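Undergrad: Sharing a structure with you now.
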Amino acid sequence: MRTDAARPDRPGWGMRLMDRLYPILGPAQIRRHDAVGRGVDADDLARDAALRAAYVREVGPDGRARVVRREP
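So, in structure tokens, the structure goes:
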């Protein structure tokens, strides 16, 4: 059985599959909840405010961003 580990310069099978599907499926659609054209109700705003009050984004020593609960 041949694996992609034998050729480190070649992308893995999953990445090759996604490259083929990209023209059909397109990029992931990640929109802001307050984007133009989408109504934002009071529940969305309250939930957003509660999450921002409870959590904070920190960058660890390895450079990765993490969302952690705020210290009281």
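Our numbering puts the sequence shown at residues 326 to 397.
Ideal placement from N, C-alpha and C gives every residue a C-beta, glycine not left out.
Owing to the predicted nature of the structure, the values given are computational and were not obtained by experimental measurement.
What's the C-alpha gap between A374 and G364?
TA: Rounded to whole angstroms, A374 to G364 spans 17 Å at the Cα level.
Undergrad: Once DSSP output is grouped into helix, strand and coil, what is the label at R372?
TA: Helix at R372.
Undergrad: Which whole-angstrom value describes the C-beta separation of R395 and A371, a residue pair presumed to lie in contact below a C-beta threshold of 8 Å?
TA: Incorrect: roughly 17 Å between the Cβ atoms, too far for contact.
Undergrad: What's the gap between the Cα of P352 and the Cα of G337?
TA: So the two alpha carbons sit approximately 19 Å from each other.
Undergrad: Can you look up R266 in the DSSP assignment and give me helix, strand or coil?
TA: The chain is shown only over 326 to 397; residue 266 falls outside these bounds and no answer can be derived.
Undergrad: What are the boundary residues of the alpha helix (DSSP H) that R335 is part of?
TA: From DSSP, R335 is part of no alpha helix (DSSP H); its letter is neither H nor E.
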